[in-house]
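Below: one structure, written as C-alpha cells.
Number of protein chains: 4
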Amino acid sequence: MIKLDMRDSRPIYEQIKEEMKKLIIKGALKADEKIPSVRLLASELSINPNTIQHAYRELEAEGYIYSRKATGYFVAPITDNVTNEKKEKLFEELKDILKELNYLNTEKEDIASLIDKIFDN
Amino acid sequence: MIKLDMRDSRPIYEQIKEEMKKLIIKGALKADEKIPSVRLLASELSINPNTIQHAYRELEAEGYIYSRKATGYFVAPITDNVTNEKKEKLFEELKDILKELNYLNTEKEDIASLIDKIFDN
Amino acid sequence: MIKLDMRDSRPIYEQIKEEMKKLIIKGALKADEKIPSVRLLASELSINPNTIQHAYRELEAEGYIYSRKATGYFVAPITDNVTNEKKEKLFEELKDILKELNYLNTEKEDIASLIDKIFDN
Amino acid sequence: MIKLDMRDSRPIYEQIKEEMKKLIIKGALKADEKIPSVRLLASELSINPNTIQHAYRELEAEGYIYSRKATGYFVAPITDNVTNEKKEKLFEELKDILKELNYLNTEKEDIASLIDKIFDN
DNA sequence: GTGGTCTAGACCACC
DNA sequence: GTGGTCTAGACCACT
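Those protein sequences? They're chains F, E, W and X, same order as listed. Numbers 777 to 897, taken from my numbering, label the letters of the first sequence in order. Numbers 777 to 897, taken from my numbering, label the letters of the second sequence in order. Numbers 777 to 897, taken from my numbering, label the letters of the third sequence in order. Numbers 777 to 897, taken from my numbering, label the letters of the fourth sequence in order.
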C-alpha cells in the first residue's frame, strides 16, 4: 500500500505522511474509510510503530484523518472550514512556483496544459 | 533587505536562501549585480558569518549566484543547461499541488487567473 | 580507508571528496553501501567533524552519495538524469588534456591502449 | 587576445595562465615568439600588473615560457626533459577522467572518436 | 549514535 | 576587505 524510498533524504514519518495524503487525494482511500492500524503498517514496513504514530498524529492535526479511540484512524471528509485554510497555503506555494517558472522562461502553455490534464481528469 | 523569522522552524540558512532567491526572481536583484558580502549581511542580521556562507554556497551550487574571491557574490544570469533540470523539479511540485487543489474542489478558473496575473506581468 | 596529504595544497575537504569518489568509482564501495559516519571518519583522520560534513554534503549535492538522518551516508546508485551533465564536463576536461598531449607529441597509440585497459577491464 | 570571464570562480591569474597555455598549444603563439608585456596586457585587461606578473611567473616555472631581462617573456620550445614530466602528470589526470567516464557507462567509441578528431587534426 | 544546524573565533589567498 | 577553510564545541531531530 505504501512504499518507502530508503534513498530519500526526508525523514520516514514524513514520507508516510505524504504517501498517505496522496492515497487520499487520488481517491484510493475514501472518506470515513479505515486506514491501516499503526501496528499493522509498522510491521508491514518493518519500522518502529512510534514512527507511524508520529505520521498519523500530524495527518490528524492537518485534518486529513481522524481517530476514534480503540477503533483506529479514518479518512476525514472534506469540510469547508478546514479546506479554505489549506487552499490559501497551497495558493501561496503555487504562486512561488509559478513565479520561479516564469523567471526561468517557461511557456505559459506548458503549465496550462498540465492544469487541463489534472482538472479535466 | 532580508528578514528572518526566528519562530519559523526552517533553519536560518534556508530562510536566507529562499529570501535571496525571491529577490532574484522578483527582479529586485538583476544579473551580475553584487549582493551583500558575507560579513556585512551577517552583522546586519546579527548571525554568524558561517551561516551566511552556508546559504550563499548552496545558492551558488544551485546556479542562482556566483562568487569571485576578494570581490564578492553576484547574481548569476540564466543559463539553459541548468534551468531544464530545475524546471522538471518545479513541474513535479506543481503537479502535486494542483492535484491537492483539485481534491479540495478548487475552481479551475481561480488557478488560471493566477497564472495570467504572473505570466502576463 | 582514506589518507590525507597535509603537504597537498588542496583543502582537506577536497581531498576527502576525491578519495571517496575514487573508492566509489573503483567499486570498492558499492551502491547503497554505508560509508563511515561523519564523527568516525573525523576521529580516524584526527580532523574536525565539520570538515567531513562539508565534504560529504558536496558529494551528496553532486549525486555520489545520499544521507539518511540517524542512519548515515550511503553510496548513491547511478542515475541517468544526473550523469549526462557530469559527462559533458568530463568531456570538456578530456578535450583540454588530449590537446595538450597532442602538443607534446604524444603517440596516439599510448592513449588508445590506456583506454583499452580501463574500458575493457 | 585573451578574454577573462568575470563569472568564472577561478582567480584571475589562473584564467590568464590557462588562456595563454591554450594559445601556445593551439599554435597561435609559436616557439621563441614574444608574448605581450606585463604592463601592456595589464592595461588591455584593465587589471593590476601584479596579477599578470603572477600568471607569467607560474607559466615560466611550468616551462611554457621563458624570460629575458629587460626584453620580455617568450614562448618556450618543447624540450624532452620537461615534457616527459608533464606527460606523466597529464596521463594521471587522463586516467582519473577515463575511469570516471567508464563508471558513468560512457561508450568507448565516443572517446575514441574524440581522440581521432584531435590527433588526426 | 546519526546527520544537521549554529556560534565564536582564527588564519589564508586574492586583489 | 572579500571569499574560503578549519577548529572547537554546543544543541537539536530522528530512529
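Where is the CB? At the ideal position from N, CA and C, for every residue including glycine. Here the structure is a predicted model, which is why all the values come from computation and not from measurement.
Exercise. Where DSSP assigns a beta bridge to I841/X, which residues make up the other side?
Worked result: V851/X, per the DSSP bridge assignment.
Exercise. What residues in its chain sit with their C-beta under 6 angstroms from that of Y789/F, if we drop five residues either side in the sequence?
Worked result: For Y789/F, the CB contacts under 6 angstroms within the same chain, skipping 5 residues up- and downstream, are T827, H830 and A831 in chain order.
For this session: Name the residue from K865/X, D872/X, K863/X and I800/X whose alpha carbon lies nearest to the alpha carbon of F867/W.
Result: Of the listed residues, the one whose Cα sits closest to F867/W is D872/X.
Exercise. Is K871/E helix, strand or coil when you go by DSSP?
Worked result: In the three-state reduction of the DSSP assignment, K871/E falls in the helix class, which pools H, G and I.
Problem set entry | Distance, F895/F Cα to R783/F Cα | Each residue's Cα considered, the two are about 32 angstroms apart.
Exercise. What in chain X is Cβ-close to F895/W, meaning under 7 angstroms?
Worked result: Correct list: N878 and K884.
Exercise. Chain E beta carbons: is any one of them nearer than 8 angstroms to that of I811/F?
Worked result: I811/F does not count as touching chain E.
Problem set entry | Own chain partners of G848/F with C-beta closer than 6 angstroms, once the 5 adjacent residues on each side are dropped | Excluding positions up to five away in sequence, the list reads K810 and S813.
Exercise. Of all the alpha helix (DSSP H) runs that stay within the bounds of the segment 792 to 833 of chain W, which reach a length of 4 or more residues?
Worked result: Secondary structure within the segment 792 to 833 of chain W: the alpha helix (DSSP H) runs of 4 or more consecutive residues, fully enclosed, are 814 to 820 (chain order).
For this session: Determine the extent of the alpha helix (DSSP H) in which K904/W is found, giving its start and end residues.
Result: No statement about residue 904/W is possible, as the shown extent of chain W runs from 777 to 897 and does not include it.
Exercise. Assuming K884/E and I854/F make a contact with CB atoms under 8 angstroms, what is their CB distance in whole Å?
Worked result: Their Cβ separation, rounded to whole angstroms, is 17 angstroms, which puts K884/E and I854/F out of contact at 8 angstroms.
Exercise. So is L874/F in contact with chain E if we call contact Cβ pairs under 8 angstroms?
Worked result: Answer yes: the Cβ-Cβ gap between L874/F and chain E drops below 8 angstroms somewhere.
Exercise. With 16 as the cutoff for other CB atoms within 10 Å, does M796/E come out buried or exposed?
Worked result: When all chains shown are included, M796/E counts as buried.
Exercise. From the beta carbon of I806/E, is the nearest beta carbon of chain F less than 8 angstroms away?
Worked result: Per the sequence presented here, residue 806/E reads as Lys, with Ile not at that position. So no, K806/E is outside the interface.
Exercise. With burial defined as no fewer than 16 other Cβ atoms inside 10 Å of the residue's Cβ, what is the status of K793/W: buried or exposed?
Worked result: The residue in question, K793/W, is buried, as its Cβ has 16 or more Cβ neighbours within 10 Å.
Exercise. Grouping DSSP H, G and I as helix and E and B as strand, with all else coil, what is N857/F?
Worked result: Looking at N857/F - three-state DSSP - the assignment turns out to be helix.
Problem set entry | C-beta atoms of S785/X and Y842/E nearer than 8 angstroms | Yes, Cβ-Cβ distance for S785/X and Y842/E is below 8 angstroms.
For this session: Answer with yes or no whether the minimum CB distance from R833/F to chain W is below 8 angstroms.
Result: Residue contact with chain W for R833/F: absent (no Cβ-Cβ distance below 8 angstroms to any residue of chain W).
Problem set entry | Contacts around L780/W, its chain only, beta-carbon distance under 7 angstroms, and the 5 residues preceding and following it disregarded | Around L780/W, the same chain offers I788, Q791 and L821 as residues with beta carbons nearer than 7 angstroms, after the five sequence neighbours per side are excluded.
Exercise. Taking the C-alpha atoms as reference points, what is the distance between K862/W and P825/W?
Worked result: Going from the Cα of K862/W to the Cα of P825/W covers about 28 angstroms.
Problem set entry | Secondary structure of N881/X, DSSP reduced to three states | In the structure shown, N881/X sits in coil (DSSP, three-state: anything other than H, G, I, E or B).
Exercise. Just how far apart, CA to CA, sit K806/E and Y879/F?
Worked result: If you take the alpha carbons of K806/E and Y879/F, they lie about 12 angstroms apart.
For this session: Closer than 9 angstroms, Cβ to Cβ, to anything on chain F: give me those residues from the segment 828 to 860 of chain W, in chain order.
Result: Those would be E836, Y842, S843, R844, K845, A846, T847, F850, A852 and P853, in chain order.
Problem set entry | Straight-line gap, A837/X to R844/X (C-alpha atoms, nearest Å) | Distance between the alpha carbons of A837/X and R844/X is about 14 angstroms.
Exercise. What residues in its chain sit with their C-beta under 7 angstroms from that of R815/X, if we drop five residues either side in the sequence?
Worked result: If we look at R815/X and ignore the five residues flanking it on each side, its Cβ neighbours are P825.
Exercise. Taking the Cβ atom as the reference point for each residue, do D808/F and F850/F lie within a distance shorter than 8 angstroms?
Worked result: The criterion of a C-beta distance shorter than 8 angstroms is satisfied by D808/F and F850/F.
For this session: Please work out which residues of its chain come closer than 6 angstroms, Cβ to Cβ, to M777/W, disregarding the five sequence neighbours upstream and downstream, and give them in chain order.
Result: Around M777/W: no qualifying Cβ.
Problem set entry | Beta-carbon contacts of I823/X that lie in its chain and below 7 angstroms, excluding the five residues immediately before and after | Excluding sequence neighbours, I823/X sits near I788.
Exercise. Cβ of P825/F less than 8 angstroms from any chain W Cβ?
Worked result: Not a single C-beta of chain W is nearer than 8 angstroms to the C-beta of P825/F.
Exercise. From N881/F, L870/F, A888/F and E864/F, pick the residue whose C-alpha is nearest to that of T859/E; which is it?
Worked result: Nearest to T859/E by alpha-carbon distance, out of N881/F, L870/F, A888/F and E864/F, is N881/F.
For this session: With 9 angstroms as the C-beta to C-beta threshold (strictly closer), list the residues of the segment 777 to 803 of chain E near chain F in chain order.
Result: The segment 777 to 803 of chain E vs chain F, Cβ under 9 angstroms: E794, K797, K798, I800, I801, K802 and G803.
Exercise. Can you tell which of K893/F, L877/F and E864/F has the C-alpha that lies nearest to the C-alpha of K865/E?
Worked result: Answer by Cα proximity: L877/F.
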